[in-house]
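J.: Chains as they are written, first to last, in our numbering: chain A, 7 to 354; chain B, 7 to 354; chain C, 7 to 354; chain D, 7 to 354. Virtual Cβ for every residue (Gly too), placed ideally from N, Cα, C. Predicted model, so just to flag it, every value in this text is computed and none were measured.
Number of protein chains: 4
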Amino acid sequence: MVIVMAPDATPDSIDSLVDLVAAAGGEAYVTRGVSRTIIGLVGDVQQFETLDLRAKPGVSDVLRISVPYKLVSRENHVSRSVVRVQGVPIGGDNMTVIAGPCAVETPEQTLEAARMAGAAGASLLRGGAYKPRTSPYAFQGLGETGLKILSEVREETGLPIVTEVVDAADVELVATYADMLQIGTRNMQNFALLQAAGEAGKPVLLKRGMNATIEEWLMAAEYIAQRGNLDVVLCERGIRTFEKATRNTLDISAVPVAQRLSHLPVIVDPSHSGGRRDLVLPLSRAAIAVGADGIIVDVHPEPENALCDGPQALVDEDVAELADMAGTLSALVGRTLTPAPQREPVRT
Amino acid sequence: MVIVMAPDATPDSIDSLVDLVAAAGGEAYVTRGVSRTIIGLVGDVQQFETLDLRAKPGVSDVLRISVPYKLVSRENHVSRSVVRVQGVPIGGDNMTVIAGPCAVETPEQTLEAARMAGAAGASLLRGGAYKPRTSPYAFQGLGETGLKILSEVREETGLPIVTEVVDAADVELVATYADMLQIGTRNMQNFALLQAAGEAGKPVLLKRGMNATIEEWLMAAEYIAQRGNLDVVLCERGIRTFEKATRNTLDISAVPVAQRLSHLPVIVDPSHSGGRRDLVLPLSRAAIAVGADGIIVDVHPEPENALCDGPQALVDEDVAELADMAGTLSALVGRTLTPAPQREPVRT
Amino acid sequence: MVIVMAPDATPDSIDSLVDLVAAAGGEAYVTRGVSRTIIGLVGDVQQFETLDLRAKPGVSDVLRISVPYKLVSRENHVSRSVVRVQGVPIGGDNMTVIAGPCAVETPEQTLEAARMAGAAGASLLRGGAYKPRTSPYAFQGLGETGLKILSEVREETGLPIVTEVVDAADVELVATYADMLQIGTRNMQNFALLQAAGEAGKPVLLKRGMNATIEEWLMAAEYIAQRGNLDVVLCERGIRTFEKATRNTLDISAVPVAQRLSHLPVIVDPSHSGGRRDLVLPLSRAAIAVGADGIIVDVHPEPENALCDGPQALVDEDVAELADMAGTLSALVGRTLTPAPQREPVRT
Amino acid sequence: MVIVMAPDATPDSIDSLVDLVAAAGGEAYVTRGVSRTIIGLVGDVQQFETLDLRAKPGVSDVLRISVPYKLVSRENHVSRSVVRVQGVPIGGDNMTVIAGPCAVETPEQTLEAARMAGAAGASLLRGGAYKPRTSPYAFQGLGETGLKILSEVREETGLPIVTEVVDAADVELVATYADMLQIGTRNMQNFALLQAAGEAGKPVLLKRGMNATIEEWLMAAEYIAQRGNLDVVLCERGIRTFEKATRNTLDISAVPVAQRLSHLPVIVDPSHSGGRRDLVLPLSRAAIAVGADGIIVDVHPEPENALCDGPQALVDEDVAELADMAGTLSALVGRTLTPAPQREPVRT
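Following this line, the structure appears as structure tokens:
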């Protein structure tokens, strides 16, 4: 059982709930989030039912949910959520394109890729400054330098930034630059990182672990939510199977399945799942048609020189086709392609 | 190296090719198919090149292909094939819906399901008379009685029949009733069955093995083709992974990948891959959008009483939505929904 | 519910049971096997309980078993079975080595491999005359010529023969030469083949499908058993996973798991699972130590010239080590290495 | 190319190497470890060859290795390594048992489990104070309180402690208590954690990710080694497959494969791979027989009350059998069961 406190609940109201639960023989785990406090109860649920918790001061909601992912489940939250990144919506009747380079390499490459992203219909810019790489000898990203490049490009283009964080210790720093934090496939069960992201006060893009079941993915989202952050977007990016023709196997069914189980938006990464440029457009069409709330796509001005995942990046000749298709196909499934944010001209 | 003979090639022309190859130190494997003879050469390819085989009497084509699936590869067959089932096309600019009950149970149920299939936009009727079941105690299909029901329903509705064959010994019998032979996922590497189907003179629907790589799938198609039958349609129906929320994981990327490697049409089975009725429409949309040449869908008038796979069958309220979506979405990807065959009114 | 008839049950006794079940509103599926008749009942089990079936003439046993694999389950058959191949035992306190070439190529190669098998501690000779190959252009085995070579080598060495059958239509022919029929991994759910093997009157070695769950494997064995043949030996040979360093992943846990669920003997194929000669000895040790009832190993006098799977064959310098290890390690786990059959000198 | 510096190399010698490499057009990445400095070179290897790096002051070794895991590869380190945990060896001719409770719960439970570990033949004590759990509402371990319990039990029993760390930020704290740091399966690609562990000055037990290839596992070990810590022990603990009868599928072949590729010791976790008590002894036998350098086993005085993974823990009646088997079977494969450390009587 989970108690969701009102944003203005007082510390006293929380303390007295904890005492009440303890007196009833249970235990209460209090998590103070940025915007609200969550109290998880462990013990005899029927006993708790007698306490009339919903009527207590400061209590916003009391959830008794059968699935293990309490806060992200649709059981008590039937309408699907819209997550806003600097005003750009993901979810609802929107179909949102996120695009950008796999890795931030130089200011020029990033700016050029951002312009390609805009041409591809994107309303958010992706780009990695911290890259989790299989080899310690591979390019690991530019770190804070990369974050600064991203924020300059945001200044230039108006596109809010989605960027990955790989270590709980970096969350605070990355959150000062990023508009949305991305947690990558290899870190989906890095629980310390999930908890730190849950406390950072920024929306989170949570990639599915390449070997994670849908239930484990929702449990990872629950880790973030349990720290008071419900602005989580799920991203299907392919799972590991025996098939070798593609880097991973895009589990397209995971989109409707996750949407039925959770109120969180679900998007698809057609670039990393296939690992091949020639599959990005077909898989993007499949994603929009199946009902995804968005797609996240790699673009690069010069894929042959990319420091990371060049073979899967879209190039200039692809982006107009993507934008055109995304607009038309979204309409067909009752959605609207999210426009890039309107903004004042920037003085430089 | 593979020699494809012309349909009217004489036995003498074949014999002299075999002698020629033997004289050059090679071996020739002759396969006499219904419509053409295929000769596979084993030995020194450069030596064979000197024989000027393409100029010999009766030779239609000589293929020197780097991939192991010679006849179904796109390497020497760049345009994608159209397979016709009693005139109904699969492939090219068509998007073909096949629908019907998982198993033929009674004449009434089959006729009713065929009417649902028509309402769903189908131009071909599926239905199983021989069911490969995990348990020897489960319903194994009606056998020849089921085939007779199917042919009566074809008489009534005009829809050509696609039906499964599970044993090489049954191929001849099944082919007397069926318009297209289906080979199921568990039999994808039943090589005796593949060869028998290759000789039956009917188009073949070849489902991907649930644990087969795309290359193995194409090699299975090659077994059919090598017996002289190039009218093969590939069907992606989900692979086995660790994910448990769906019966299998639909490998949607396999459609564009197989289409790039092979000239054969590729369709998708959204019913068996997901195993859940609520996923059939979303996955059908994904399949058409990704560029599949068709879909094959379970329908049943009373899924709760179905003898086989009831939970995945579409019901009456779904079929109009499927037909409507299939028409609209096909147009968006440059295809036309294949209409049901025109026919004379049947007198009964 | 399943009725097992006594070997000497009369046709009348069977007919009257069928009538009895029908009168009680159920259905009876009669399978007349070579050595016994099996009657599967479908309907209301509690109703059947009132019929006192166990007391009827000709009835040997009535099984009410909760798992779907009735005849091969340990539920009503607690002691583990011993299967005898021409007197050579597999199961019980025995540890049986089967060895030989992957494919029969020539009389000399087969005889030499049989001598290596004997030196490796084998009491049964394996060798393939019918090879299921991924490519239709690959060596498919010598067919009946290969079976004749095997029987000549049996004459010479006294080792009973285990050989694969790949098509239901070939079972009768193969059974006239073989002492044990092998069903390969690709055919584990070729139900027509399983049923034919169930009626052939010879013990069957059933390899696990490379993508089959343990339950499906036991269901495949049930198909054989349901035709009256309980002389089935299960063989774990590796499953398909994402790991690429080995051909397949030997599921060593499947041995104790299957032995707990079924009374059938379970052996291990360390050659095909790893696909590498250097792994055969370590995996053989693991198999014996985990409690397998036997191992089946590839040996070849000249692996570099083998027509099939040369890289995994043991060579002369390995076989003495295998025999020595198998004897010592078997003793440590309370088993005895099965000796090669004693026999009269053969006159040639 | 990788330069390994001598333990007593001066800062000057390192600086001049960096300059030398830069002058040759390359880049040098310097990692200063606790016991030695590692310099990774990126650039033209043939150019580097001309620099005669091996002869420079302070250089211990220069590795030019074809595989991407340079430091843990056997290519330039043919003899297999022995890692010592407070004097207790893992690797070489030793077979080392690590045992203890999955989670530290109370002082009494931990002490009792440690006594069971000793009776099971263990020379090292495992026990988790930080537990990575799928659910944020599950027991997450006692944290530092748990570490203190472990160190008291070490005081009492003399067994050095192996314990998990789940966050890079905790490494320093955990290392003050632990004799060996464990990195769990979900964190195998938590690169920040790997690097922190590489700098902590304690040996590391690195579990294989449940979806990781063997190559990725060795790359994760390389991350630790690259920070100057070569005292890494690899632990195979089962991979994720479609099989549901066991929690994961123990990849027993991974032991000999990893031992051929890397000089690091490789041990097996039969408890977490199977997830069932009845499989622990058979899988332990398989592990020792296949040639593992050790096993790590869960024991618990009262599994039915365990806060974590009770169903897989060995109980009192199992431990003597394990110790007895481990001794006998180790001898058979040419190893000696590592004895528990001798120590002075502790005064309390």
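1. Could you pull out every unbroken alpha helix (DSSP H) segment of at least 4 residues lying fully inside the stretch 41-125 of chain D, listed in chain order?
2. Starting from the beta carbon of Arg246 of chain D, find every residue of chain B whose beta carbon is closer than 7 Å, and list them in chain order.
3. I'd like to know if Thr219 of chain D contacts chain C, where contact means its C-beta is closer than 8 Å to some C-beta of that chain.
4. Within the 8 Å Cβ cut-off, does Asp18 of chain B reach chain A?
5. Grab me the residues of Val352 of chain C's own chain with a C-beta within less than 8 Å of its C-beta, minus the 5 sequence neighbours each way, in chain order.
6. State yes or no: is the beta carbon of Ile258 of chain D nearer than 8 Å to at least one beta carbon in chain C?
7. Evaluate Arg266 of chain C with the Cβ neighbour count: other Cβ atoms within 10 Å of its Cβ, from every protein chain shown; 16 or more gives buried, anything less gives exposed.
8. How should Thr16 of chain C be labelled, buried or exposed, when 16 other C-beta atoms within 10 angstroms of its C-beta is the threshold for buried?
9. Got a sec: is the Cβ-Cβ distance from Thr182 of chain C to anything in chain D below 8 Å?
10. Mind checking whether Asn193 of chain A and Val172 of chain A have CB atoms under 8 Å apart?
11. Between A:Asp14, A:Ala28, A:Val10 and A:Met122, which has its C-alpha nearest Arg70 of chain A's C-alpha?
12. Could you say which of D:Cys314, D:Ser66 and D:Ile302 lies nearest to Leu328 of chain D if we only look at CA atoms?
13. Under a three-way DSSP split, which group does Lys154 of chain C fall into?
14. Mapping the DSSP letters down to three states, classify Met331 of chain C as helix, strand or coil.
15. Going straight from the alpha carbon of Ser157 of chain B to that of Glu150 of chain B, what length do you get?
16. Less than 8 Å separating the beta-carbons of Pro271 of chain D and Asp315 of chain D?
17. Would Thr140 of chain D pass as an interface residue toward chain C - the criterion being a Cβ-Cβ separation below 8 Å?
18. How about the stretch 228-236 of chain B and the stretch 196-204 of chain B: do they share at least three Cβ pairs that are nearer than 8 Å?
19. With 16 as the cutoff for other CB atoms within 10 Å, does Ala337 of chain B come out buried or exposed?
20. Leaving out five residues on either side along the sequence, give the residues of the same chain with a beta carbon under 7 Å from the beta carbon of Leu335 of chain D.
21. Between the stretch 130-137 of chain D and the stretch 94-109 of chain D, are three or more C-beta pairs nearer than 8 Å?
22. Taking C-beta to C-beta, are Ala226 of chain A and Leu212 of chain A nearer than 8 Å?
23. Hey, does Thr255 of chain A have any beta-carbon neighbour from chain B nearer than 8 Å?
24. Check Val286 of chain D in the structure and name its three-state DSSP category.
25. Does DSSP put Ile258 of chain D in a helix, in a strand, or in coil?
26. Gln188 of chain B by DSSP, collapsed to three states: which one?
27. Do the stretch 308-322 of chain D and the stretch 280-289 of chain D make contact, defined as three or more Cβ pairs closer than 8 Å?
28. Going along the stretch 194-222 of chain D in order, which residues come within less than 7 Å of chain A, judged by CB to CB distance?
29. Could you check if Glu249 of chain B is buried or exposed, using at least 16 other CB atoms within 10 Å of its CB as the buried criterion?
30. Does the CB of Val272 of chain B have a neighbour CB from chain A at under 8 Å?
31. Where does Tyr35 of chain B fall in DSSP's three states?
32. Could you give the DSSP three-state label for Glu249 of chain D: helix, strand or coil?
33. Bridge partners for Cys241 of chain D per DSSP, in chain order?
34. So, under 8 Å CB-CB, Leu188 of chain B and Val159 of chain B are touching, yes? Tell me the CB distance rounded to an integer number of Å.
35. Can you tell me the Cα-Cα spacing of Arg253 of chain B and Lys208 of chain D, whole angstroms?
36. What number of angstroms, rounded off, separates the C-alpha of Arg90 of chain B from the C-alpha of Thr344 of chain B?
T.: If we stick to the structure as given:
1. 51-55 and 113-125
2. By 1-based counting over the fourth sequence, the position of residue 246 of chain D is 240. Correct list: Phe248.
3. Position 213 of the fourth sequence, counted from the first residue, corresponds to residue 219 of chain D. Closer than 8 Å: yes.
4. On the second sequence, position 12 is the one that residue 18 of chain B refers to. Answer no: the Cβ-Cβ gap between Asp18 of chain B and chain A never drops below 8 Å.
5. Along the third sequence, one-based indexing puts residue 352 of chain C at 346. At Val352 of chain C, the pLDDT of 47 sits below 50, so the modelled position is not reliable; the number obtained from the coordinates is stated separately. Correct list, in chain order: Glu161, Glu162 and Gly164.
6. As a first step, residue 258 of chain D must be located in the fourth sequence, where it is residue number 252. Yes - at least one Cβ of chain C is within 8 Å of the one on Ile258 of chain D.
7. Your numbering for residue 266 of chain C matches position 260 in the third sequence. Note on Arg266 of chain C: under 16 other CB atoms within 10 angstroms of its CB, so exposed under the neighbour-count rule.
8. Against the third sequence, residue 16 of chain C aligns to sequence position 10. By the neighbour-count rule (16 or more Cβ atoms within 10 Å), Thr16 of chain C is not buried but exposed.
9. The residue you call residue 182 of chain C lines up with position 176 of the third sequence. False, the Cβ-Cβ gap to chain D never drops below 8 Å.
10. The residue labelled residue 193 of chain A in the question sits at position 187 within the first sequence. The residue labelled residue 172 of chain A in the question sits at position 166 within the first sequence. Yes.
11. As a working mapping, residue 70 of chain A is identified with position 64 in the first sequence. The option with the nearest alpha carbon to Arg70 of chain A is A:Val10.
12. Position 322 of the fourth sequence, counted from the start, is the residue given in the question as residue 328 of chain D. Closest by alpha carbon: D:Ile302.
13. Mapped onto the third sequence, residue 154 of chain C falls at position 148. Of the three classes helix, strand and coil, the one that applies to Lys154 of chain C here is helix, per DSSP.
14. Here residue 331 of chain C corresponds to residue number 325 of the third sequence, with the count starting at 1. Looking at Met331 of chain C - three-state DSSP - the assignment turns out to be helix.
15. As a working note, residue 157 of chain B is residue 151 in the second sequence. As a working note, residue 150 of chain B is residue 144 in the second sequence. The C-alpha of Ser157 of chain B lies about 11 Å from the C-alpha of Glu150 of chain B.
16. Numbered from its first residue, the fourth sequence carries residue 271 of chain D at position 265. Numbered from its first residue, the fourth sequence carries residue 315 of chain D at position 309. Contact flag unset, no.
17. By one-based count along the fourth sequence, residue 140 of chain D stands at place 134. With 8 Å as the cut-off, Thr140 of chain D does not count as an interface residue toward chain C.
18. yes
19. To locate residue 337 of chain B, count along the second sequence from 1; it is residue 331. The residue in question, Ala337 of chain B, is exposed, as its Cβ has fewer than 16 Cβ neighbours within 10 Å.
20. Mapped onto the fourth sequence, residue 335 of chain D falls at position 329. Contacts found: Arg291, Ile294 and Ala295.
21. yes
22. For this step, residue 226 of chain A is matched to residue 220 along the first sequence. For this step, residue 212 of chain A is matched to residue 206 along the first sequence. Yes, these two residues count as a Cβ contact at 8 Å.
23. Walking along the first sequence from the start, residue 255 of chain A turns up at place 249. It does; some Cβ of chain B falls within 8 Å.
24. If you number the fourth sequence from 1, residue 286 of chain D lands on position 280. Here Val286 of chain D sits in helix by DSSP.
25. Here residue 258 of chain D refers to the residue found at position 252 when the fourth sequence is read from its first residue. Note: Ile258 of chain D maps to coil in three-state DSSP.
26. The residue you call residue 188 of chain B lines up with position 182 of the second sequence. Strand, per DSSP.
27. yes
28. Gln195, Asn196, Phe197, Ala198, Met216, Asn217 and Glu222
29. One-based indexing of the second sequence puts residue 249 of chain B at position 243. Flag for Glu249 of chain B reads buried.
30. Sequence index remark: in the second sequence, residue 272 of chain B carries index 266 (1-based). Output row for Val272 of chain B: interface = no.
31. Your numbering for residue 35 of chain B matches position 29 in the second sequence. Strand.
32. Taking the fourth sequence and counting its residues from 1, the one referred to as residue 249 of chain D is at position 243. The answer is coil: DSSP assigns Glu249 of chain D none of H, G, I, E or B.
33. Residue numbering aside, residue 241 of chain D sits at position 235 when the fourth sequence is read from its first letter. Partner(s): D:Lys213 and D:Ile273.
34. Working through the second sequence from its first residue, we reach residue 188 of chain B at position 182. Working through the second sequence from its first residue, we reach residue 159 of chain B at position 153. For the sequence presented, residue 188 of chain B should be read as Gln rather than Leu. The pair is not a contact, with the Cβ atoms about 16 Å apart (cut-off 8 Å).
35. Start at 1 with the first residue of the second sequence, and residue 253 of chain B comes out as number 247. Start at 1 with the first residue of the fourth sequence, and residue 208 of chain D comes out as number 202. Whole-angstrom Cα-Cα distance: 45 Å.
36. Along the second sequence, read from residue 1 onward, the residue named residue 90 of chain B stands at position 84. Along the second sequence, read from residue 1 onward, the residue named residue 344 of chain B stands at position 338. Going from the Cα of Arg90 of chain B to the Cα of Thr344 of chain B covers about 11 Å.
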